[in-house]
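Visitor:
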Amino acid sequence: MTALLAACGAIGQGAGGGPGSTTAASLIYFSSASGNTHRFIAKLGVEAARIPVFSRDETIYARRPYVLVIPTYGGEDGRNSIPPQVLKFLKHEGNRNLLRGVIGSGNTNFGTTYCLAAKKIAAKCQVPHLYSFELMGTSDDVDRVKQGLEDFWKRQSQTRP
Ligand SMILES: Cc1cc2nc3c(=O)[nH]c(=O)nc-3n(C[C@H](O)[C@H](O)[C@H](O)COP(=O)(O)O)c2cc1C
Numbered sequence: 002m003t004a005l006l007a008a009c010g011a012i013g014q015g016a017g018g019g020p021g022s023t024t025a026a027s028l029i030y031f032s033s034a035s036g037n038t039h040r041f042i043a044k045l046g047v048e049a050a051r052i053p054v055f056s057r058d059e060t061i062y063a064r065r066p067y068v069l070v071i072p073t074y075g076g077e078d079g080r081n082s083i084p085p086q087v088l089k090f091l092k093h094e095g096n097r098n099l100l101r102g103v104i105g106s107g108n109t110n111f112g113t114t115y116c117l118a119a120k121k122i123a124a125k126c127q128v129p130h131l132y133s134f135e136l137m138g139t140s141d142d143v144d145r146v147k148q149g150l151e152d153f154w155k156r157q158s159q160t161r162p
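Residue numbers for the sequence shown follow this note's numbering, so the first one is 2 and each next one is one higher.
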């Protein structure tokens, strides 16, 4: 939490151009080696950029407003629930400034910490927590997120200059 506060308080990559690249994707996501979130994103069929899996790699840099999709890895006590790769990405001021919303992936077996990382980032960066889904998502989740994102960006274009 301290690291997240620092990341959001200090205010800070295309489709998968790799570490150090910039991206114009409107969807940016993190997915660990288990790849559940990656599989969900693939089902959406939209351009999306992946935050590097390895913390040691340089992060990626957003060039336009985007929605962030991230899993939670805290476990039942909820501490350190945000993957360090995501914290590293959000430490970059430009990335924080372009964040418009967060979608969480997780597992309801974790109870109160279900999708906690997305909720924490949304609260600290003052953007909406748009949706939560389990593991690689159901076909209903895919349909809802696809439609929801279309509606979201339409509303954004009407309310923001
Ligand atoms: C060690 C570990 C801790 C986890 N902790 C949580 C948790 O606190 N809350 C939650 O909703 N899901 C938790 N999960 C489930 C993951 O968020 C879920 O499996 C997700 O789909 C992983 O996405 P990825 O495969 O794209 O990395 C945890 C999974 C692991 C392996």
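Virtual Cβ for every residue (Gly too), placed ideally from N, Cα, C.
Where do the ends of the beta strand (DSSP E) carrying residue 130 lie?
Guide: For the purposes of this step, residue 130 is taken as residue 129 along the sequence shown, with counting starting at 1. Taken as a continuous stretch (DSSP letters only), the beta strand (DSSP E) holding residue 130 covers 130 to 135.
Visitor: Going by the DSSP bridge assignment, what does residue 69 pair with across the sheet?
Guide: Taking the sequence shown and counting its residues from 1, the one referred to as residue 69 is at position 68. DSSP output for residue 69 lists 29 and 103 as bridge partner(s).
Visitor: Does the Cβ-Cβ distance between residue 50 and residue 33 come in under 9 Å?
Guide: Numbered from 1 along the sequence shown, position 49 holds the residue referred to as residue 50. Numbered from 1 along the sequence shown, position 32 holds the residue referred to as residue 33. No, these two residues do not count as a Cβ contact at 9 Å.
Visitor: Less than 6 Å between C-beta atoms, sequence neighbours within five positions excluded: which residues of the same chain meet that for residue 10?
Guide: Reading the sequence shown from its first residue, position 9 is the one you call residue 10. Caution applies to residue 10, whose pLDDT of 33 falls short of 50 and renders its modelled position unreliable; the value that the coordinates give is listed next. So no residue of the chain qualifies.
Visitor: Using only Cβ atoms and a threshold of 6 Å, which residues come within that distance of a heavy atom of ligand 1? Order them by chain position.
Guide: 32, 33, 35, 36, 37, 38, 39, 72, 73, 74, 75, 76, 82, 106, 107, 108, 111, 114, 115, 116, 117 and 136
Visitor: Could you give the DSSP three-state label for residue 51: helix, strand or coil?
Guide: Counting from one through the sequence shown, the residue named residue 51 turns up at place 50. Three-state result, residue 51: strand.
Visitor: Should residue 86 and residue 122 be called a contact, given that it needs their Cβ atoms to be closer than 9 Å?
Guide: Numbered from 1 along the sequence shown, position 85 holds the residue referred to as residue 86. Numbered from 1 along the sequence shown, position 121 holds the residue referred to as residue 122. In this structure, residue 122 does not lie closer than 9 Å to residue 86 by Cβ.
Visitor: State the start and end residues of the unbroken alpha helix (DSSP H) segment that holds residue 94.
Guide: Position 93 of the sequence shown holds residue 94. Segment 94 to 98, the alpha helix (DSSP H) holding residue 94.
Visitor: Looking at the unbroken alpha helix (DSSP H) that takes in residue 42, where does it start and where does it end?
Guide: Locating residue 42 in the sequence shown gives position 41, counting from the first residue. Counting along the chain, the alpha helix (DSSP H) containing residue 42 begins and ends at 37 to 45.
Visitor: Taking the beta carbon of residue 155 as the centre, do at least 16 other beta carbons fall within 10 Å, making it buried, or is it exposed?
Guide: Start at 1 with the first residue of the sequence shown, and residue 155 comes out as number 154. Residue 155 should be labelled exposed.
Visitor: Kindly list the residues whose CB is nearer than 8 Å to the CB of residue 132, restricted to its own chain and excluding five residues on each side of it in sequence; keep chain order.
Guide: Mapped onto the sequence shown, residue 132 falls at position 131. Once the five neighbours on either side are set aside, the close Cβ partners of residue 132 are 104, 105, 142, 145, 146 and 149.
Visitor: Quick one: is residue 119 buried, meaning 16 or more other Cβ sit within 10 Å of its Cβ, or exposed?
Guide: As a first step, residue 119 is located in the sequence shown; it is residue number 118 there, counting from the start. Flag for residue 119 reads buried.
Visitor: On a CA-only basis, which of 82, 101, 91 and 137 is nearest residue 111? Give me that one, please.
Guide: Counting from one through the sequence shown, the residue named residue 111 turns up at place 110. Minimum Cα distance to residue 111 is reached at 82.
Visitor: In chain order, what residues of the same chain have a beta carbon less than 6 Å from the beta carbon of residue 60, not counting five sequence neighbours either side?
Guide: Here residue 60 corresponds to residue number 59 of the sequence shown, with the count starting at 1. Within the same chain, residue 60 has close Cβ partners 89 and 90.
Visitor: Report buried or exposed for residue 42, applying the criterion of at least 16 other Cβ atoms within 10 angstroms of its Cβ.
Guide: Taking the first residue of the sequence shown as 1, we reach residue 42 at position 41. Counting Cβ neighbours within 10 Å, residue 42 comes out buried, since at least 16 surround it.
Visitor: Let me know the secondary structure DSSP gives residue 157 once reduced to three states.
Guide: Residue 157 sits at position 156 when you count from the first residue of the sequence shown. Looking at residue 157 - three-state DSSP - the assignment turns out to be helix.
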